[in-house]
Amino acid sequence: MKKMSSPYIHSMCVILILICQPGFSQNEVTEGSGVRTTPVSYHLSFDDDKFFKEDIIEQSGKKSLEERKIDFPEAKFGKGIRMREIPQTPDANNMTGIDLDLVTAVIFNTHPGNQMGFNQPFIWGCGRLNGRLGGVAFWARGELPFAGPLFEQTSIGFGRKERDLLGVLVDENNKLSAYVRDARYVSHGINSDANWNPSQWNHVVFNWDWANGLQLWINGEMIASSWGEDAWFETSLPGLFHLPAAGLIFDELYLFDRPITRSEILALIRSNSPPKNESPGYSRQGPETRKIRELSGTAFNAQLPAVNPGEFIVFTEVWPEMVSDEFVPGWHVVDGRNEIAWPHPYSMFTIIPGDADFHPEKVDIQTKHSSQVNYVVMNGNLTNVTFEAATPRDTGLQRLFSVPAGNQFYFAASIKQQEGASFRVPFTEKYGTPKGFSGDINVPLSGEKRIQNLGLYHTQVHPGPDDIKAMRRLVFNASTQELDPRTTFALHAVTSRDERTFTLASVKETPQVSTQINVGAFARLNILSDAYVDAQGINSITLSIPVKTENANEAILIRVRDPGVPSRLWNQFIVGLSGYDSEFKTLQLKLDFQDLVLTDGDRLWVDIGAAGKTEILIGDPEMPAVMFVKESDVYTCVDNYAAKEIVSAQAQYGKMYEFMPWQFTRRTVSLSNPYCYGGPFDMILPALAIKRVKPDHFIANYLIRMSGPDFKDGKPRDPERMPLITLPNPNGVPEWALYMRDFNAKRHKIANWWAERQNADGQLGGGWNDDVLFLSSHQPDLPLDGNENARYLIDATHKGLEKTRYFKDGYCNIFPMDRMHIGDFISERYNSVVNNLGQAYAFERELESAWRLEDKSKTPINYFADGFKSSFNVFNWYWGNDVPQGAYVSKGLEELAEEFRRYTSVLDDYSFYRFTESNVHRDDYSPYGANNMYTYMLGGKRGTRLDAHLKLAVIWPAGGGPDLARVVLYADDDSLRVAAFSFRKEMTELVMQPCRIKDGRYRINILEDPLGNGEAGKVIWETEKDLTRFDRVKLPIPSHIPVAITLKKIISKQRPTALADLAIDIWDAEFENNSIHCVIHNLGNAPAKAIAVRLLDGDKVLDEYTIDGIAGPVDFVAKRENVVFTNVSYSGNLFISIDPENKISEILEDNNRVPVSKKGVFQKGLAPRK
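Each residue of the sequence shown is one higher than the one before, starting from 17 at the first, in the numbering used here.
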């Protein structure tokens, strides 16, 4: 038997208080529990600056009050507060870092001297405001510098599309309005005709109630209302609140956890007297049950599993094996939160489409082979949502249901039993341009649908309950104790005042008076177990509770909260009740959930609510309300528990890894003393919960480590202070080669990991902007070291980006778009020309952008010269006009050995996870030291993202990789020297492709390097060869012998200043209907004349055609000709050869011959892996 706390029990005091305004009343609820009794949840008088201890900017220490230009002038009642710094008026050009969710925006913009930063106090609203029910009141006076909010409580969710929760605004016409946005992402607003009067003190009150609507008051008069006309069901948790209107004086800010009445408003106006203590609950009069049913989704009870008196219903949770859109994880739909719903909207993070806003076309939920599912529950914006399934025996997707039209938050339904099924919710309704943007765009559009949560269950009705003798029996007490601070905070943080009734379920039975608690109108009864002190595994709970409904048929919503992180719902489902009207009858229900582990004061927390009047009887000895808990040893539960517990952390970290508020404020985050739930705190709290019971959990340890003071953005703040590893070296391998191999093996492994997980459309899960270009941007040497996975992944990404038409005909086709991200779309695309040297497709795609440089009139929108410069530069490099002038000289190998050791020490298992499975958006995806490997292996410093100039000395198209360590020691126009060491067991044929040498006769040597320091010794192999830039040289590298590779010009040869470069791509010779259609390109900077195009079957010439000539694309317009061979019989040995007799001098000869393929075999622009 595990130890549980044994609380002192207080007697219950039931008080009924009626508020004088029609529509407001208080329900029966317990007092003496520590639950807040005053309606005032927070008050700022501004009479002193003590409240700044709650301000996260003050906590950060990054700006002083003087720099923030905050003062405290005389106000309505004593001192007020004023932000004297007037920021720039927000517009499309300066909003990139401002128009974010407030947590991200404040962290990103708070630093000295940032004029677009923030100065006003920002305070956590968690436990102080709730979007379902509440009020805010304040005084304000002054002239607004521009339209915007007077008060704003933002959501805790990540991203600008998650930001809005509630606020009071003054619009461009100086009119007052207010809004609440619900968890369906629907905004509920009221607009007034009242003007903001800057010359007088204005008392503003905003009331909201999810079941009734909104009220906006000014100076004691209601100026706008939707009371009784509007409603919503759930909202996201609150994040930061602030008073953003610079230049105004604010005074006496009150936050309330219920709406306040006219008389209470007048008391605030007259004497600054807030409402006094009262019963801590809240209920309402007036809202229609029908409306509540429709909003909740319980109106669709005909599709629910139903239980009758005397029956026993079991819900068995089916936790999925995988949730994704192809390879992109879809944790967001199973994380138990009302945040970051799938599909993500475009420009969710910043105003930039494609910036960390992966937009799935579907979500697939794969279950175990033996899993049985016959019940589904989901919530969110369910507009046009359908649900499909496929099984191993019937792989075709079958539609199981369509969610009925309406504004319901939940939908639950029984379905035909599916075994081992994969389920799907399709998202895409059509393709086109996202809302709010213009341009000829082709991306998936999902309409209004946003899935917050989706749960799978198997339900079954039994004639009687399981054997409960072995279970812990917890009796609901109609009396309560003083709750511990952690539970009290959680109750305030995750419930609104109308759903705060609770009962303690305890082993100890106490004498009590029976009490009937109405959970209708979703007032909810929260069932809290005694606190678990020692770790305890829990498999299931069984509820046996007396219930009476007003209607013969009712539906109840049951939710189980995550004991460690109660802001997250572990389970939520709806069950139908039939025949529970007229008198109390015992409801018997078992929930066999994904295993839990409780410890360190965790409580089981279940809540029950209904739309119609539904009473639960507690404290009756004849009909006790009981929860039976099936407990198990921790080791049998902990893996299942951790697998589910971690997903909310994974979902959040993948988006918000750069913005951890506790790193900003230096305020400790703990489970035992929380100060905020949801959003960024879900990156750390689930990890801390797991760590208590599974100390070796890798992801939990990773998240805790990255949340600490020594790391930022998932990387060490000071890599030079990281401990160094020491690799075993029994064979005396040169140290530089030993550690270089280890580091490069990890980098290649990262690329290979991602190549196996790229979606068919080229996406990787970040977004269509710089987030999918991470290999090209951060590890561009990998394709040039023969990693075909890296090359293919980059090509597939760019090919997919083309299909979106975000960047079309060489320029950014979507508007609005900021200048930086216009360039980001193709800032690294020039590398595809180098990675596919001589490929016409990549070359001509870059021509489209280079053509636009220096002539703004050629580009209809979004002209950005820096975005085109690298495209322009890569052609001048290819044509030999922009090559390095001076010699490249490497650091010494001894120094590099220390660097490589440092690099591979930093790239440990945690860092590998950071660059792979963590799934963070990938515009920051460069392992420490990775950029330098381009320089060391290719013999030239890599160019910048914009206006790059290529300086590499050599490419290694084949035979390289981690097991053949190489460092370019010296390179100029006439020579090359490379240190190398092969770890392979046999001789390796290494292919070298010099990129900066001048034409001539060269002596090529492989020499012993007995000390492994790059000094040449005895000749192992030697040859002489005529070479030009880009010619390939095959080198026989011996096994486990340090060698030096040298290339030295012995005879110079004259090279024309301009050369043609004839090319044909693998998809440019297609067979169809006994004809072969060919496209012949010239990629050079000189024209080609009398071009022979020969058709061969093996070595037999079938036909030949001569093209008169093709000009060079020096005007940055593609130059190509079409050739057709007719009356051809297909053979697997058909080839097209250009200039087969080598009569034309060219930049590159490798791109003159391709096999003929049947039409459609190859996707244009995407060469298969070699």
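We put the CB at the ideal spot given by N, CA and C, even for glycine.
- Between isoleucine 700 and serine 723, the beta carbon gap of about 5 Å places them in contact (Cβ cut-off 8 Å).
- When DSSP states are grouped into helix, strand and coil, glutamine 666 belongs to the helix group.
- Per DSSP, the beta-bridge partners of asparagine 542 are Phe518 and Asp623.
- Of the candidates Ala1102, Lys79 and Pro746, Ala1102 places its Cα closest to the Cα of aspartate 1077.
- Rounded to the nearest whole angstrom, the CA to CA distance from tryptophan 248 to glycine 422 is 12 Å.
- Note on threonine 511: 16 or more other CB atoms within 10 angstroms of its CB, so buried under the neighbour-count rule.
- Counting along the chain, no beta strand (DSSP E) covers proline 702; the unbroken alpha helix (DSSP H) around it starts and ends at 701-709.
- Counting only runs of at least 4 residues, the segment 911-957 fully encloses the following alpha helix (DSSP H) elements, listed from N- to C-terminal order: 925-930 and 946-954.
- For the options Met132, Asn847 and Pro677, the alpha carbon positioned closest to that of glutamate 74 is the one of Pro677.
- Check the Cα spacing between glycine 480 and each of Trp212, Pro876 and Val323: the tightest is with Val323.
- In this structure, isoleucine 381 and leucine 264 do not form a Cβ contact; the two beta carbons are roughly 49 Å apart against a cut-off of 8 Å.
- Cβ contact annotation for glycine 1030 (same chain, cutoff 7 Å, sequence separation greater than five): Leu909, Leu985, Ala995 and Ala1060, in chain order.
- Rounded to whole angstroms, phenylalanine 589 and isoleucine 574 show a C-alpha spacing of 6 Å.
- Rounded to the nearest whole angstrom, the CA to CA distance from serine 418 to phenylalanine 331 is 22 Å.
- Between the segment 733-750 and the segment 893-904, the count of C-beta pairs closer than 8 Å stays below three; the two stretches do not touch.
- Our two residues, methionine 833 and lysine 874, have alpha carbons roughly 18 Å apart in a direct line.
- With a 10 Å radius around the Cβ and a threshold of 16 neighbouring Cβ atoms, methionine 1003 comes out exposed.
- In chain order, Gly141, Leu145, Leu181, Leu182, Gly183, Pro254 and Phe257 place their CB closer than 7 Å to the CB of glutamine 169, counting only its own chain and leaving out the 5 sequence neighbours on each side.
- Close CB contacts of alanine 771 within its chain, under the 6 Å cut and outside five residues either way in sequence, are with Asn805 and Leu809 (chain order).
- Judged by beta-carbon spacing, arginine 440 lies within the 8 Å limit of valine 379, meaning their Cβ atoms are closer than that value.
- The C-alpha of valine 122 lies about 26 Å from the C-alpha of glutamate 250.
- Phe222 is the residue among Arg1136, Asp198 and Phe222 whose C-alpha sits nearest the C-alpha of leucine 192.
- Counting along the chain, valine 1049 sits inside no alpha helix (DSSP H); it lies in the beta strand (DSSP E) bounded by residues 1049-1053.
- Note on geometry: alpha-carbon atoms of glycine 553 and leucine 612 lie some 6 Å from one another.
- Under the criterion of beta carbons closer than 8 Å, tryptophan 358 and proline 376 qualify as touching, at roughly 6 Å.
- The beta carbon of serine 1173 lies closer than 8 Å to those of Ile1082, Trp1083, Ala1085, Glu1086 and Phe1087 in the same chain, with the five residues before and after it left out.
- The three-state reading of DSSP puts alanine 357 in coil, since its state is none of H, G, I, E or B.
- Between glutamate 268 and phenylalanine 518, the gap from beta carbon to beta carbon reaches 8 Å or more.
- Partner residues in a beta bridge of isoleucine 1160, as assigned by DSSP, do not exist.
- Runs of the beta strand (DSSP E) lying entirely within the segment 1103-1166, each at least 3 residues long, are 1104-1113, 1116-1126, 1136-1141 and 1150-1154 in chain order.
- In terms of Cα proximity to arginine 1110, the closest of Glu1162, Leu1164 and Val1170 is Val1170.
- Taking a contact to require three or more Cβ pairs closer than 8 Å, the segment 788-805 and the segment 425-435 do not qualify as touching.
- Glutamate 638 sits away from isoleucine 706, with the two beta carbons spaced by 8 Å or more.
- Sequence-distant Cβ neighbours of threonine 444 in its own chain, meaning closer than 8 Å and more than five residues away, are Glu377, Lys378, Pro460, Leu461 and Ser462.
- Inclusion of aspartate 698 and threonine 615 in the CB contact set at 8 Å is not warranted, their separation being larger than that value.
- Per DSSP, the beta bridge partners of asparagine 397 are Arg466.
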